[in-house]
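J.: Take a look at the following structure, please.
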Amino acid sequence: MIVANASIGLDLGGTTYSVGWLDEMGQLRDLVSLETRSYRPPAEIVADLAQAIKATAQRAQLAGYRIMAAGIGVPAVINPWAGEVLLPPNFAQGWHGLALAEQLQALTGIPTRLINDARAFTLAESRLGAGKGYAHLLGVTVGTGVGGGLILNGQLYLGRWGSAGEFGHQVYDPHGLICGCGGVGCIEAYASGPAIVAAAVRPLRQGRVPILREVIGNSLDRLSPKAVAQAALAGEEECREIYRQAGRALGLGISNVLSVLGLEAVVIGGGVAEAGDLLLEPIWETLRRHQFMIAEHLHELNILRAELDEPGVVGAAMWAAEQTLVGL
1 MIVANASIGL DLGGTTYSVG WLDEMGQLRD LVSLETRSYR PPAEIVADLA QAIKATAQRA
61 QLAGYRIMAA GIGVPAVINP WAGEVLLPPN FAQGWHGLAL AEQLQALTGI PTRLINDARA
121 FTLAESRLGA GKGYAHLLGV TVGTGVGGGL ILNGQLYLGR WGSAGEFGHQ VYDPHGLICG
181 CGGVGCIEAY ASGPAIVAAA VRPLRQGRVP ILREVIGNSL DRLSPKAVAQ AALAGEEECR
241 EIYRQAGRAL GLGISNVLSV LGLEAVVIGG GVAEAGDLLL EPIWETLRRH QFMIAEHLHE
301 LNILRAELDE PGVVGAAMWA AEQTLVGL
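1 is the number of the first residue of the sequence shown in my numbering; add one for each residue after it.
Set out below in structure tokens:
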């Protein structure tokens, strides 16, 4: 017997993707993680995603729920209304212009909507996580890349082209490092996981940072943002400075957004954000240095750690349900 409606969320990553369904109480159920194997042609990956969605729908139906929509969180620039991938993720060729939502809907028979993965994170944290209760909020994800999303007047704001919130591609240093997007000096080039690892490689090869060398067992294969953070907390000053630079880049980006939009909260998540105060302290230091125009309100700003375990899956499911209800 059908007791309620539910929606499916799928968070697509280069290594793995996670899929589950969201019940009427906002509880994520039957979460499964599977390998993406992103080196494969898009058609093979799409077929796998469709199979995972159908299997999830069957589990929900056995529990007495009717699946009304499926949402796909994608690490790419997308057209959320057309359901197309515009600037593709770091997968194999063939994703540019891919009508991903249409293909998945044809294969599953379930209305399907696309959302950028960082926007899905922001939506979920604003409704059920650390950002609950804030009407004006910035979400920031710091992991393999640096993403973002905006909640304005309680609603996810996507802008004219559906891509508003690309926090990590603000310019931090116009004469700085080349970003993976092809731009120069983006925040992502200083604060992402790969950026932190790259910044640690030089002192390692020059025979410095002995604490970090001990943490990784003298093996570059074990070098990670977590290892750099561990060494920094153990007293490795150069590793602490790597995180200071990442925090300064994030802090300047947050400062820019605050100056334009006057937000009341920032929710930060992702693997690199697990470094905690190593990032938060330079973020606050940068805000105090650059936010003199609204200094009297800075103490009211809340910078919060993300709370949800799977915000990408939850946010994708929420987006699909909402967009299906309004007929988009």
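Virtual Cβ for every residue (Gly too), placed ideally from N, Cα, C.
Computed from a predicted structure; not experimentally measured.
Does DSSP put residue 48 in a helix, a strand or coil?
T.: Helix.
J.: Leaving aside the five residues before and after residue 252 along the sequence, list all residues of the same chain whose C-beta is less than 7 Å from its C-beta, in chain order.
T.: The answer, listed in chain order, is 172, 286 and 290.
J.: Evaluate the contact criterion for the segment 229 to 236 versus the segment 99 to 118: three or more CB pairs, one atom per stretch, below 8 Å.
T.: With a cut-off of 8 Å, the segment 99 to 118 and the segment 229 to 236 do not count as touching, because too few Cβ pairs lie within range.
J.: Hey, residue 311 and residue 129 are a contact pair by Cβ (cut 8 Å); roughly how many whole angstroms apart?
T.: Right, the Cβ-Cβ distance comes to about 6 Å (below 8 Å), so this counts as a contact.
J.: Could you name each continuous beta strand (DSSP E) segment of 3 residues or more that falls completely within the segment 54 to 105, going from the start of the chain to the end?
T.: The segment 54 to 105 contains these whole beta strand (DSSP E) runs: 65 to 74, 77 to 79 and 84 to 87.
J.: Give every residue of the same chain whose Cβ lies closer than 6 Å to the Cβ of residue 212, excluding the five residues on either side of it in the sequence, and list them in chain order.
T.: 231, 236 and 239, listed in sequence order.
J.: With respect to the alpha helix (DSSP H) encompassing residue 211, which residues constitute its N-terminal and C-terminal limits?
T.: Here the alpha helix (DSSP H) through residue 211 covers 210 to 215.
J.: Between the beta-carbon of residue 56 and the beta-carbon of residue 35, is there less than 8 Å?
T.: For residue 56 and residue 35, no; Cβs fall outside 8 Å.
J.: Pair every Cβ in the segment 183 to 200 with every Cβ in the segment 219 to 231, then say whether three or more of these pairs are closer than 8 Å.
T.: Judged by Cβ distances under 8 Å, the segment 183 to 200 makes contact with the segment 219 to 231, as three or more pairs qualify.
J.: Secondary structure at residue 310, three-state DSSP: helix, strand or coil?
T.: In the structure shown, residue 310 sits in coil (DSSP, three-state: anything other than H, G, I, E or B).
J.: Should the segment 47 to 54 be regarded as contacting the segment 73 to 82, the criterion being three or more beta carbon pairs within less than 8 Å?
T.: At 8 Å Cβ cutoff, the stretches do not touch.
J.: Would you mind reading off the limits of the alpha helix (DSSP H) that contains residue 18?
T.: From DSSP, residue 18 is part of no alpha helix (DSSP H) but of the beta strand (DSSP E) over 16 to 22.
J.: Do the CB positions of residue 330 and residue 70 come within less than 8 Å of each other?
T.: The structure shown does not extend to residue 330, since the chain is modelled only from 1 through 328, so no value can be given for it.
J.: With distance defined between alpha-carbon atoms, name the residue in 86, 76 and 90 nearest to residue 120.
T.: Among 86, 76 and 90, the Cα nearest to that of residue 120 is on 76.
J.: Hey, how far is the Cα of residue 222 from the Cα of residue 272?
T.: Each residue's Cα considered, the two are about 16 Å apart.
J.: What are the start and end residues of the beta strand (DSSP E) that includes residue 147?
T.: Element bounds for residue 147: 146 to 152.
J.: Does DSSP classify residue 112 as helix, strand or coil?
T.: Note: residue 112 maps to strand in three-state DSSP.
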